[in-house]
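Novice: Questions regarding the structure given below will be posed in turn.
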Amino acid sequence: MKSTVHFSISSSAKVLVNIGENVSKDTVLIEDKLLASRKIIPLGQLLNIKPETIHRYLKKKIGEDVLPGETLAVVRSFFSSKIVKSPVFGKITEIDLTKGTLTLTSKEEAGKEKIKSQVNGRVKNITKTVLELEVEGEVFGILYGKGEDVIGRLVLAPKESLGILDDLEGEMEESIIASQKIHQDVIVKLEVMGVKGLITAEEIGKSELPWVKVGKEIFKKLAEFSGKTVWLRPLVKQLVIID
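Number 271 marks the last residue of the sequence shown (my numbering); no jumps.
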């Protein structure tokens with residue numbers, strides 16, 4: 029079955045492929061500028077002053093550029109001075125008198141983000157905002173998810189609730205584990221076993237692994253694809269079974 033997956037294109041991005049082009053795994057499809065990083069400095073806390081008074085001690089104004097090591101604020105007393113300096117080259121973009129914070133937006137080169145194809149496919153269409161990639165496989169929608177795109181071998185837990193690792197058989201490295209419910213202590217162990225991601229029918233707690241929550245009907249259908257390659261796309265709410 030041929031299916032289409034979508035990649036968003038921002039206004040600052042550059043598309044590196046053409047319509048009709050065949051691409052392989054790890055082909056860079058889109059290159060985009062990384063957003064400038066923001067650093068929030070808790071001036072009130074660092075200088076031990078009330079949040080609403082931080083403007084009295086500032087040496088720079090909103091909109092001004094600052095260099096690394098340049099003084100942002102000073103509190104002087106008869107016996108000593110407290111000084112806060114900028115950790116980066118940036119611009120002061122916000123002063124919050126409620127929280128007592130100053131926000132710097134870095135002007136240093138943030139690098140570029142490379143958006144790659146996780147599988148073989150063909151570029152079906154390109155618009156100003158979307159790149160469509162045609163792949164051999166089946167696409168399912170998910171309810172919710174967290175983490176980056178990952179790809180791995182689908183392993184189905186034999187029980188509805190994955191509470192111990194003994195419930196799983198075979199090599200877990202490079203796999204995507206699917207279980208209706210996954211206990212928190214098992215998730216921690218799976219992280220160190222080389223598991224790439226998780227699929228569940230119930231929302232899970234804290235996890236360093238990418239994961240998606242799917243509807244019960246879709247979860248039942250996954251049994252047909254055990255051992256197949258699965259591509260989790262949490263941010264765009266897609267799960268792709270690759271033929």
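Glycine residues also receive a C-beta, built at the ideal position from the N, C-alpha and C atoms.
Remember, it's a predicted structure, so these values are computed and weren't measured experimentally.
Which residues in the same chain have their Cβ closer than 6 Å to the Cβ of residue 93, if we skip the five residues on either side of it in sequence?
Specialist: Excluding residues within five positions, the ones whose Cβ falls inside 6 Å are 119.
Novice: Contact check, residue 249 vs residue 270 under 8 Å by CB: the rounded distance?
Specialist: At roughly 15 Å, the Cβ-Cβ gap does not stay under 8 Å, so residue 249 and residue 270 are not in contact.
Novice: Which residues mark the beginning and the end of the alpha helix (DSSP H) in which residue 266 is found?
Specialist: First-last for residue 266: 266–270, but that is the beta strand (DSSP E), not the alpha helix (DSSP H).
Novice: As an exercise, report each continuous beta strand (DSSP E) stretch of at least 3 residues that is fully enclosed by the stretch 46–108, in chain order.
Specialist: Correct list: 56–61, 66–69 and 99–104.
Novice: Output the distance between the C-alpha atoms of residue 229 and residue 243, rounded to the nearest integer angstrom.
Specialist: Straight-line Cα distance between these residues: approximately 6 Å.
Novice: Near residue 246, what residues of its chain come up, given a Cβ to Cβ distance below 7 Å and the 5 sequence neighbours on each side ignored?
Specialist: Once the five neighbours on either side are set aside, the close Cβ partners of residue 246 are 168.
Novice: Measuring alpha carbon to alpha carbon, tell me which of 44, 45 and 71 ends up nearest residue 99.
Specialist: The candidate whose alpha carbon is nearest that of residue 99 is 71.
Novice: Check whether the stretch 142–154 and the stretch 52–68 are in contact - that is, three or more C-beta pairs closer than 8 Å.
Specialist: Taking 8 Å as the limit for Cβ pairs, the verdict is that the stretch 52–68 does touch the stretch 142–154.
Novice: How about residue 37 and residue 184: do their beta carbons lie closer than 7 Å?
Specialist: Cβ atoms of residue 37 and residue 184: not closer than 7 Å.
Novice: For the beta strand (DSSP E) that residue 161 lies in, which residues bound it at each end?
Specialist: Element bounds for residue 161: 158–169.
Novice: Taking the alpha-carbon positions, what's the residue 259 to residue 214 distance?
Specialist: Approximately 22 Å between the Cα atoms of the pair.
Novice: Beta carbon of residue 65, beta carbon of residue 134: below 7 Å?
Specialist: Yes. Within cutoff.
Novice: Roughly how many angstroms lie between the CA atoms of residue 76 and residue 106, to the nearest whole one?
Specialist: Rounded to whole angstroms, residue 76 to residue 106 spans 16 Å at the Cα level.
Novice: Start and end of the alpha helix (DSSP H) containing residue 218?
Specialist: Its alpha helix (DSSP H) spans residues 212–219.
Novice: Taking residue 123 as the reference, which of 69, 175 and 55 has the closest Cα?
Specialist: The shortest C-alpha separation from residue 123 is found at 69.
Novice: Do the stretch 232–242 and the stretch 161–178 meet, that is, are 3 or more Cβ pairs less than 8 Å apart?
Specialist: Result yes; three or more Cβ-Cβ pairs closer than 8 Å.
Novice: In whole angstroms, what separates the C-alpha of residue 233 from that of residue 51?
Specialist: For residue 233 and residue 51, the distance between alpha carbons rounds to 36 Å.
Novice: Could you please give the first and the last residue of the uninterrupted beta strand (DSSP E) stretch that includes residue 253?
Specialist: Element bounds for residue 253: n/a, residue is neither H nor E.
Novice: Count the other CB atoms within 10 Å of the CB of residue 95; is the residue buried (16 or more) or exposed (fewer)?
Specialist: By the neighbour-count rule (16 or more Cβ atoms within 10 Å), residue 95 is not buried but exposed.
Novice: Which residues does DSSP pair with residue 122 in a beta bridge?
Specialist: 131, per the DSSP bridge assignment.
Novice: Rounded to whole angstroms, what's the CA-CA distance from residue 151 to residue 129? Just pull it up for me.
Specialist: Approximately 46 Å between the Cα atoms of the pair.
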